[in-house]
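Here the protein sequences come in this chain order: A and B. Heads up: the first sequence begins at 1 in my numbering, then just goes up one per residue. Heads up: the second sequence begins at 1 in my numbering, then just goes up one per residue. In this text, a Cβ means the ideal position worked out from N, Cα and C, and glycines have one as well. All values reported here derive from a predicted model rather than from experimental measurement. Report on the following structure.
Number of protein chains: 2
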Amino acid sequence: MSDNTQDLIAQLRAIVGDAGLVTDADAQAPYLKDWLGKWQGRVTVVVRPADTAQTAEVVRLCHITHTPIVAQGGNTGMSGGGTPDDSGAQVILSTTRMNRIREVDPLNNTMTVDAGVILANAQQAAREADRYFPLSLGAEGSCTVGGNLATNAGGIAVLRFGNMRELALGLEVVLPDGRIWNGLRGLRKDNTGYDLRDLFIGSEGTLGVITGAVLKLFAQPHARATAWVGADTLEQLVELLARTRARCGERLVAFEMMSAASLALVLQHVADTRAPLAQPAAFNALIELADTEDGGLQAMLEDVLGQALEDGLVNDAMFCASQAQSAALWKLREGISQAQVRAGKVVKHDIALPISSLAAFTQAADAAIAGEDIPAEIINFGHLGDGNLHFNVMIPLSSTYEEVKHATAVFNRLVHDMVARMNGSISAEHGVGQLRRDELRHYKQPLEMELMLRIKQAFDPNLIMNPGKLL
Amino acid sequence: MSDNTQDLIAQLRAIVGDAGLVTDADAQAPYLKDWLGKWQGRVTVVVRPADTAQTAEVVRLCHITHTPIVAQGGNTGMSGGGTPDDSGAQVILSTTRMNRIREVDPLNNTMTVDAGVILANAQQAAREADRYFPLSLGAEGSCTVGGNLATNAGGIAVLRFGNMRELALGLEVVLPDGRIWNGLRGLRKDNTGYDLRDLFIGSEGTLGVITGAVLKLFAQPHARATAWVGADTLEQLVELLARTRARCGERLVAFEMMSAASLALVLQHVADTRAPLAQPAAFNALIELADTEDGGLQAMLEDVLGQALEDGLVNDAMFCASQAQSAALWKLREGISQAQVRAGKVVKHDIALPISSLAAFTQAADAAIAGEDIPAEIINFGHLGDGNLHFNVMIPLSSTYEEVKHATAVFNRLVHDMVARMNGSISAEHGVGQLRRDELRHYKQPLEMELMLRIKQAFDPNLIMNPGKLL
């Protein structure tokens, strides 16, 4: 360890104390590797400030010493945005000790929280005030609100409540020079200049460290109705989505899609699952309505889907009569990740398209992938209601490292070229991080990259905030 | 006219043709003055490009010649953001010839429009596709979508659908050097870098000229229920808002407040109006629910307000049995502007606070204003559901210019000091423009002003975009 490094650690210790430093190699290990095991880095030290003031001091010290900072929340990212590089020169700033619910304001329908609050705890705090915080995603038991903000997290309720961006009213951010921007405003209307908040949201730790947020709360849903339908084509499901929305309005809270292959994979590899319909369908949808009170929610869903059956838009439908049945359907949807891991090696995609283009994309991409000389099965599923497909391509479990690498390059290019042509996004909800950084430069308009770099330069001229990510 | 000016006009004519230039003084007049008659400027010329390509050429020319540009839509702003200064050196770039609905995509629930489309025409285009575009405000018959975006317009449906910011998915912007940023993406999820869209929205023409947008559409409401209630205190209405939201969820589309003085003013000065309740109430609320289908909407509203009556939270309630009755209630709410003009001279405010602070603010501000040695009546009304009060102070119609000036300085300072202490906004939905520019510098955190200036510098280093506004 160099003198400089020892000196930096001593100064950090003076700010955060022993409790705020992780120097031991074993203790550091979980911070250095992403949970998918794709990226592994090294650091000078992991620092865990107890509050915003300590965070500001830590960042100020890194500013002075030109020490690069990787902010990390629950370390549940999909794109390596929170994993350090392997230079050993970076510092991980973990927000996990900052985990206070600062205030719940039921009359304002807002909640102010530390960035390190775990998403499930934020949901729980809202529930305890008879309110609802709608962000919901697989990692909610360990991801943090700060990470959700830094990556503008999505999940299953976006079609109804929007991304994390739409769920935050105010932010507190430590800027790259250690000054604190207090933007913790709980206002629905504020037109006093440039929207700094939304610049930090989704910037993946490259413009500052988010330390707190004011989040929007909603009325608690007290009734739900869930159904599963099968259709021959994706066009039919897109049409059904439009019909359901026109009829049910904002009661529609989930419209998830699974192809026949996705469902078959889950049924084969996940215990205690069974097919919801008598006959397999080419495309399945899990549809859920919610409301503050019942008022015939189930009847409404049966009516709209009954009409769709009559019109031949769907082949079959199954309605849940109990919470257990609904949970069984959600288990099918949520079992895909696990099933994929067991069944093969997966070239993942996280794309978004205009909903009106999803069917055409799927047809074209299916054909193009079949035309490649690589044994592959398409696992097409996702959040149809907001145009987000996880259009994954699975290759045999026995594939070598080189084969995976080749397949990834081929299929990423094929899928993303098509997405770019159709005015879609190559990263709908997982962010760019390290995973899509090179692709971003390839696909983004040069003008847009230039504007992003100008912003980076304006906010972080020393380039110490999460270097090597996003940009 | 100098040679330089003649030269500039000739070059502009080469781009936009005779149809795109307004050089005649009479024809220019409506562009040079805001509709409230508060600001009046002069220009070299008014240029009206026919499309995005022409706009880009015009801006490119201004970039080369360092000619300052004031972008203007329907010229309905409240803060002078679209009025040129009186140097005569500026050029007005009017977007009003760019008025095409480019595309309506019902399956994607989006609409792509030129910036110059009048808001009411955008609403109409949505309706024709059996969809709903919810932005609604007094000027909707003449304001443009581009102006709505540049000022992040609010209005009466924000508590349910958000500001213009929440209603836009993609933008097309001509940058200060004349290059076109095509961000016309119709995606609900897109996490590929910094959020440029939201930087332009609300930037009041200081970072570029918005020429097109992709807007979100919603399901058409097919049922509405409207009621009027009277209460003794603002606390009671805030509590009623919370209850109504908990019970009715997103059916609640309007919760407007009028003080007794506001209502009395309308009844006195606007023809064909009558009091909705038998006894005047200190605070009134106009409450509206909407839904895609009826399903007992009226009964739900009667139930929640009936319970509030029983609990003594409100004194009286009137339910609308017809569209005509509902229109009569809305006429009371919308009549305030007209009534104020007839009754006195008005020191206007457009503030936002956490909803939980509205009552405390009102009490304190009422007392403080009564303590000033200026004859004044408080006209307190606004969008209670999103914390936005137009807390206006009316002084006698006979007040002199000097008296108005003095009262404005005193009451602006008093109200805005209080708003700042309560973590509110001094410009909720009207923007900064010229009206609040000096106050913005006074109230905004220096750090936030600094970040805004850095962004301005990064995007518009020659400072040609709407100089003298906002910053």
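Within the region 200 to 265 of chain A, ranges of the alpha helix (DSSP H) (whole runs, at least 4 residues): 234 to 248
Show which residues of chain A have a CB atom less than 7 Å away from the CB atom of B:Val546. The question about residue 546 of chain B has no answer here: the residues shown for chain B are numbered 1 through 471.
Cβ neighbour criterion (16 or more within 10 Å) applied to B:Pro461: exposed
Kindly identify the DSSP beta-bridge partner or partners of A:Gln323. Bridge partners of A:Gln323: none, in fact.
Report yes if the CB atom of B:Leu184 is closer than 7 Å to the CB atom of B:Leu135, and no otherwise. no
Does the Cβ-Cβ distance between A:Asn191 and B:Gly202 come in under 7 Å? yes
Residues bridged to A:Tyr401 [DSSP beta-bridge criterion]: Answer by DSSP bridge pairing: none, since A:Tyr401 is not bridged.
Would you tell me roughly how many angstroms separate the C-alpha atoms of B:Gln28 and B:Asp417, rounded to the nearest one? 39 Å
Given 8 Å, three or more beta-carbon pairs between the region 143 to 163 of chain A and the region 203 to 220 of chain A: yes
What's the C-alpha gap between B:Gln340 and A:Asp177? 49 Å
Count the other C-beta atoms from every protein chain shown that fall within 10 angstroms of the C-beta of A:Lys405, then say buried if there are 16 or more, exposed otherwise. exposed
Neighbourhood of B:Leu265 by C-beta, 6 Å cutoff - its chain only, sequence neighbours within 5 removed: Ala339, Ala343
Contacts around A:Arg48, its chain only, beta-carbon distance under 6 Å, and the 5 residues preceding and following it disregarded: Gly20, Ser94, Arg97
How long is the line joining the alpha carbons of B:Tyr132 and A:Leu12, rounded to whole angstroms? 55 Å
Anyone know if the C-beta pair for B:Ile210 and B:Val158 falls short of 7 Å? no
Secondary structure of B:Glu429, DSSP reduced to three states: coil
Tell me whether the beta-carbon of A:Phe459 lies closer than 7 Å to the beta-carbon of A:Met422. no
Would you please state the rounded distance, in angstroms, between the beta carbons of A:Arg102 and A:Val113? I believe it to be under 8 Å. 6 Å
Reduced DSSP secondary structure (H/G/I, E/B, other) of A:Asp311: coil
By the criterion of Cβ-Cβ separation under 8 Å, what are the contact partners of A:Leu159 in chain B? Arg188
Tell me, please, which residues DSSP counts as bridged to A:Tyr194. A:Tyr194 pairs with nothing; no bridge assigned.
Could you tell me the distance, in whole angstroms, from the CA atom of A:His66 to the CA atom of A:Trp35? 28 Å
For chain A, check one thing: does any of its Cβ atoms lie closer than 7 Å to the Cβ of B:Ile210? no
Residues in the region 33 to 57 of chain A having any Cβ partner in chain B nearer than 8 Å: none
Anything in chain A within Cβ reach of B:Gln457, meaning under 8 Å, just list it in chain order. Ala458
Anything in the region 128 to 160 of chain A with a Cβ closer than 8 Å to a Cβ of chain B? List those residues in chain order, please. Asp130, Thr151, Asn152, Gly154, Val158, Leu159
Can you grab the Cα-Cα spacing for the pair A:Val16 / A:Met164, in whole Å? 30 Å
Determine whether the beta carbon atoms of B:Ile336 and B:Ser262 lie at a separation below 7 Å. yes
If we ignore side chains and look at the alpha-carbon of each, how far apart do A:Thr76 and A:Lys38 end up? 12 Å
Local conformation of B:Val22 per DSSP, three classes: strand
Candidates B:Leu470, B:Gln445, B:Phe283, of which the one nearest B:Ser259 by Cα: B:Phe283
Would you tell me roughly how many angstroms separate the C-alpha atoms of B:His63 and B:Met300, rounded to the nearest one? 58 Å
Under three-state DSSP, which class holds B:Thr144? strand
Find the residues of chain B that neighbour A:Trp181, judging by a C-beta separation of less than 9 Å, and give them in chain order. Gln445, Leu447, Glu448, Leu451
Can you tell me whether DSSP reads A:Gln123 as helix, strand or coil? helix
A:Leu286 - DSSP class collapsed to helix/strand/coil: strand
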